[in-house]
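I have placed the structure first, in the form of structure tokens, so that the comments after it can refer back to it.
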Amino acid sequence: MAKQLTGDDLHELLKEQALLEENMALLSWDQLTGMPVKSGEFRAELMAYLTKRYLKVTTGKKAKALLDYYQLPNNQSTLSIDDQALFQRFSHDIKYVINVPADDYIAFERLKIMAQDAWAAAREKNDYAIFKPYLEKLIHMTKQLIPLWQTDEQTPYDVLLGQYEQGLTTKKLDSIFNQVKQGLGALQQELQLNGETPDNQFLHRSVPKGLQLRYIQPTIQRLGFDFERGRLDDTVHPFMQDMNRNDARITTRWSDRDFKMAVLGLFHEAGHGMFAQNVDSKWDYTPFNKGIAMSIHESQSLFNEVIIGQDEAFWYHEYPKLQDIFGDVLADISFEQFYDGWMKTEPTLIRTEADPLTYPLHIIIRYEIEKAIFNDDLDVSELPALWREKYRTYLGVVPEDDVTGILQDIHWADASFGYFPSYALGHLYAAQFRYAMNKELDISSLLQSGDYQPLIDWRRNHIWQYGASKSPSDILLTATGEPLNPNYWLDLQRKRYEKVYQVKVD
Ligand SMILES: [Zn+2]
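Structural data, given as structure tokens:
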């Protein structure tokens with residue numbers, strides 16, 4: 006008879022995985038913040054070594070023994086409820102690894118590292134051609150991996166979507182995105198035809214990085230980010246990397262002529278960090294402390310950036326502080342002028358700089374392109390043209406070069422195909438959380454008085470503490486009482502923009 010296993014055996018393996026993941030996370034944070042440019046190949050070697058170790062743990066004898074043993078319902082029922090959930094997550098995640106030959110897996114990881122460097126070099130030279138061969142290889146390899154990952158998904162792209170949110174499909178997204186496109190279209194038309202367009206020139210006045218930091222750092226602390234369990238660094242493409250709940254690192258880029266970028270960018274990353282810092286300690290060293298469904302993670306960064314960071318009551322409280330720190334820069338701008346300018350909506354070429362109204366369109370563009378690559382075999386050489394065409398159609402703007410076009414996101418260099426929709430879903434989830442929260446708390450009064458703690462506590466209790474132990478639909482249902490409904494997002498935006506643009510949409 007095979008050896009009897011216990012929950013301790015499961016935890017031992019999960020901890021080994023978690024420690025290796027933490028190691029790799031630290032290295033990849035370092036690669037994107039301070040690593041010397043020439044050490045790329047050495048870093049790729051080190052990552053390949055750790056990936057090999059990770060694979061050994063994840064697909065080795067112990068892992069297989071755990072899989073075999075706990076796949077039997079009688080054995081699984083001897084685990085605690087928490088451990089049963091952990092085992093199910095473990096067996097789901099393992100499918101992305103265990104079916105892939107080790108050499109292919111390592112080659113893929115190595116290619117991603119090289120592709121990220123090529124992407125950075127391509128951006129520097131503003132030349133897609135430098136990145137194109139790597140992107141081609143990444144897509145080619147991903148297409149080879151899809152059948153190995155596939156279980157009951159209907160299309161190849163559904164397999165990729167499932168990596169970031171279990172059960173997400175093109176069918177669901179097509180329907181949600183259509184609803185969003187329709188609602189947005191009507192509102193945008195009204196704003197363009199009859200709206201009072203606010204002036205936001207003052208947002209481009211020169212503010213040195215030091216002054217921006219003096220406002221932002223204490224503000225994200227008041228919003229809930231703990232600097233004793235996190236840090237802030239500069240990077241090219243902002244992100245948050247958490248090692249564990251006591252080490253969540255946020256990053257940003259700065260522009261002297263665009264303080265709004267760093268303010269909202271850091272509200273955003275701090276939201277990710279706050280989520281990571283507040284996961285229940287019982288999930289330490291388990292996958293529930295990692296890989297939290299991306300859409301829910303995004304909803305928390307967007308809660309800071311959009312729900313709070315674009316709220317009139319919030320700025321009513323914050324604007325005097327901002328004015329004070331920025332010295333003369335905003336002395337002649339009244340609160341009303343500031344808030345209206347802050348909310349001005351206009352199509353941009355860069356996704357990360359888009360306002361909440363146009364943002365989902367940037368995602369829909371990427372979603373449709375990825376769907377075409379994986380479900381319709383679109384050729385990589387057609388990408389720049391398709392990119393331009395979709396930007397013209399959806400946003401009415403056309404990039405003149407690669408840096409403001411197809412080279413702007415790092416995601417494809419990391420083979421994170423299927424990730425983008427999480428951003429749009431995050432917007433929709435965030436608005437639905439706000440709606441539910443507002444039934445218990447008077448959000449406007451709290452924001453206006455600068456008392457952010459109840460908003461922090463609500464999110465910790467209803468969302469953050471669970472980490473990845475609940476599915477996005479579960480968490481949405483328990484926190485808000487209903488499944489995803491894009492109307493909360495559409496209603497919130499409509500209300501805000503009707504006021505700023507002085508229009509009324511029927
Ligand atoms: Zn984010």
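Going by our numbering, the sequence shown opens with residue 6, and the numbers climb by one from there. Positions of the beta carbon are idealized from the N, C-alpha and C atoms, including for glycine. Just so you know, these numbers come straight off a predicted model, no measurement behind them.
Considering only residues of the region 136 to 175, which uninterrupted alpha helix (DSSP H) runs meet the minimum length of 4 residues and lie entirely inside it, listed in chain order? The region 136 to 175 contains these whole alpha helix (DSSP H) runs: 161 to 169.
Return the Cβ separation of Leu31 and Met299 in integer angstroms, given the expectation that the two are a contact with Cβ distance under 8 angstroms. Working through the sequence shown from its first residue, we reach residue 31 at position 26. Working through the sequence shown from its first residue, we reach residue 299 at position 294. Under the criterion of beta carbons closer than 8 angstroms, Leu31 and Met299 do not qualify as touching, at roughly 20 angstroms.
Would Ile110 and Phe92 qualify as a contact pair, given that the criterion is a beta-carbon distance under 8 angstroms? The residue you call residue 110 lines up with position 105 of the sequence shown. The residue you call residue 92 lines up with position 87 of the sequence shown. The question names Ile, yet the displayed sequence has Tyr at residue 110. No. Outside cutoff.
Is the beta carbon of Ser306 within less than 7 angstroms of some heavy atom of ligand 1? On the sequence shown, residue 306 is found 301 positions in, with the first residue counted as 1. Yes, ligand 1 has a heavy atom inside 7 angstroms of this Cβ.
Ile312: which of Tyr440, Val105, Thr174 and Gly172 sits nearest, CA to CA? Sequence index remark: in the sequence shown, residue 312 carries index 307 (1-based). That would be Tyr440, whose Cα lies nearest to the Cα of Ile312.
Which whole-angstrom value is the C-beta distance of Ile411 and Pro389, which I expect to be below 8 angstroms? Within the sequence shown, numbered from 1, the residue matching residue 411 stands at position 406. Within the sequence shown, numbered from 1, the residue matching residue 389 stands at position 384. Indeed, because the Cβ distance is near 5 angstroms, the residues count as touching under 8 angstroms.
Local conformation of Ala359 per DSSP, three classes: For the purposes of this step, residue 359 is taken as residue 354 along the sequence shown, with counting starting at 1. The answer is coil: DSSP assigns Ala359 none of H, G, I, E or B.
In or out: Ala418 buried (at least 16 other Cβ within 10 Å) or exposed? As a working note, residue 418 is residue 413 in the sequence shown. Looking at its Cβ environment, which holds 16 or more other Cβ atoms inside 10 Å, Ala418 is buried.
Give a yes or no on contact between the region 52 to 68 and the region 99 to 113, applying the rule of three or more CB pairs nearer than 8 angstroms. Pairwise C-beta distances place the region 52 to 68 in contact with the region 99 to 113, as three or more of them are shorter than 8 angstroms.
Alpha carbon to alpha carbon, how far is Asn79 from Lys186? Give it in angstroms, no decimals. Residue numbering aside, residue 186 sits at position 181 when the sequence shown is read from its first letter. Residue numbering aside, residue 79 sits at position 74 when the sequence shown is read from its first letter. Lys186 and Asn79: Cα-Cα distance of roughly 48 angstroms.
Are the Cβ atoms of Leu10 and Leu71 separated by less than 8 angstroms? Taking the first residue of the sequence shown as 1, we reach residue 10 at position 5. Taking the first residue of the sequence shown as 1, we reach residue 71 at position 66. At the C-beta level, Leu10 and Leu71 come within 8 angstroms of one another.
Relative to ligand 1, is the shortest distance from any of its heavy atoms to the C-beta of Glu303 smaller than 7 angstroms? Translated into positions along the sequence shown, residue 303 becomes position 298. Yes, Cβ of Glu303 sits closer than 7 angstroms to a heavy atom of ligand 1.
In the structure shown, what three-state DSSP assignment does Gln513 receive? Since the first residue shown for the chain is 6 and the last is 511, residue 513 is missing from the structure and cannot be characterised.
3-residue-minimum beta strand (DSSP E) runs that sit fully inside the region 197 to 261, ordered along the chain: Taking only runs of at least 3 residues, the beta strand (DSSP E) segments lying wholly in the region 197 to 261 are 235 to 239, 245 to 249 and 252 to 257.
Rounded to whole angstroms, what is the Cα-Cα separation between Ala275 and Glu27? Indexing the sequence shown from 1 puts residue 275 at position 270. Indexing the sequence shown from 1 puts residue 27 at position 22. Near 19 angstroms, if we compare the C-alpha coordinates of Glu27 and Ala275.
Give me the residue from Ile374, Gly188, Tyr457 and Asp14 with the minimum Cα distance to Leu84. As a working note, residue 84 is residue 79 in the sequence shown. Of the listed residues, the one whose Cα sits closest to Leu84 is Asp14.
If you draw a straight line from the alpha carbon of Ala90 to that of Lys8, how long is it in whole angstroms? Residue mapping note: residue 90 aligns to position 85 of the sequence shown, counting from 1. Residue mapping note: residue 8 aligns to position 3 of the sequence shown, counting from 1. Whole-angstrom Cα-Cα distance: 22 angstroms.
Can the beta-carbon of Ile378 be found closer than 8 angstroms to that of Ile144? By one-based count along the sequence shown, residue 378 stands at place 373. By one-based count along the sequence shown, residue 144 stands at place 139. Going by beta carbons, Ile378 and Ile144 fall inside the 8 angstroms limit.
Taking Trp347 as part of the alpha helix (DSSP H), name the residues at either end of that continuous run. Stepping through the sequence shown from its first residue, residue 347 is reached at position 342. That run of the alpha helix (DSSP H) goes Phe340 to Met348.
Taking 7 angstroms as the limit between beta carbons, can you name the residues of its chain near His416, skipping five residues before and five after? In the sequence shown, residue 416 corresponds to position 411, counting from 1. Excluding residues within five positions, the ones whose Cβ falls inside 7 angstroms are Tyr424 and Phe425.
Candidates Thr156, Gln184 and Phe182: which alpha carbon is nearest Gly172's? Taking the first residue of the sequence shown as 1, we reach residue 172 at position 167. Measuring from the Cα of Gly172, the nearest candidate turns out to be Thr156.
For Ser180, collect the residues of the same chain with a Cβ closer than 7 angstroms to its Cβ; drop the 5 residues on either side in sequence, then sort them by chain order. Within the sequence shown, the letter at position 175 stands for residue 180. Only residues of its own chain outside the window of five on either side were considered, and among them none has a CB closer than 7 angstroms to the CB of Ser180.
Use the C-beta contact count for Asp360: other C-beta atoms within 10 angstroms, 16 or more gives buried, fewer gives exposed. If you number the sequence shown from 1, residue 360 lands on position 355. Under this definition Asp360 is a buried residue.
Hey, would you say the C-beta of His145 is under 7 angstroms away from at least one heavy atom of ligand 1? Position 140 of the sequence shown, counting from 1, holds the residue named residue 145. No - ligand 1 has no heavy atom lying nearer than 7 angstroms to the Cβ of His145.
Under the assumption that Met442 contacts Trp463 (Cβ atoms under 8 angstroms), give the Cβ distance between them as a whole number of angstroms. Against the sequence shown, residue 442 aligns to sequence position 437. Against the sequence shown, residue 463 aligns to sequence position 458. About 5 angstroms separates the beta carbon of Met442 from that of Trp463, a gap short enough to meet the 8 angstroms contact definition.
Taking 8 angstroms as the cut-off, decide whether the C-beta atoms of Gln315 and Ile355 are in contact. Residue mapping note: residue 315 aligns to position 310 of the sequence shown, counting from 1. Residue mapping note: residue 355 aligns to position 350 of the sequence shown, counting from 1. In this structure, Ile355 does not lie closer than 8 angstroms to Gln315 by Cβ.
C-beta atoms of Val20 and Tyr290 nearer than 8 angstroms: The count along the sequence shown starts at 1 and reaches residue 20 at position 15. The count along the sequence shown starts at 1 and reaches residue 290 at position 285. In the sequence on display, residue 20 carries Lys and not Val. Yes; because the gap between Cβ atoms is below 8 angstroms, this pair is in contact.
Neighbourhood of Arg210 by C-beta distance below 7 angstroms, restricted to the same chain and skipping five residues each side: Within the sequence shown, residue 210 is the residue found at index 205, counting from 1. Val334, listed in sequence order.
What would DSSP say about Val385, mapped onto helix, strand or coil? The residue you call residue 385 lines up with position 380 of the sequence shown. Here DSSP, grouped into helix, strand and coil, assigns Val385 to helix.
Does at least one heavy atom of ligand 1 sit under 7 angstroms from the Cβ of His277? Taking the first residue of the sequence shown as position 1, residue 277 is located at position 272. With a threshold of 7 angstroms, the Cβ atom of His277 counts as near ligand 1, since some heavy atom of the ligand is closer than that.
Buried or exposed for Pro365, going by 16 or more other Cβ atoms inside 10 Å? Here residue 365 refers to the residue found at position 360 of the sequence shown. Buried is the call here.
Nearest residue (CA-CA) to Gln22, options Ile99, Thr38 and Gly12: In the sequence shown, the residue the question calls residue 22 occupies position 17. Nearest C-alpha to Gln22: Ile99.
Rounded to a whole number of angstroms, what is the C-alpha to C-alpha distance between Leu150 and Gln507? As a working mapping, residue 150 is identified with position 145 in the sequence shown. As a working mapping, residue 507 is identified with position 502 in the sequence shown. Rounded to the nearest angstrom, the gap between the Cα atoms of Leu150 and Gln507 is 52 angstroms.
Report the residue from Thr64, Lys43 and Thr257 whose alpha carbon sits nearest the alpha carbon of Leu18. Along the sequence shown, one-based indexing puts residue 18 at 13. Closest by alpha carbon: Thr64.
Tell me whether Thr257 is buried or exposed, calling it buried when 16 or more other Cβ atoms sit within 10 Å of its Cβ. The count along the sequence shown starts at 1 and reaches residue 257 at position 252. That one is buried.
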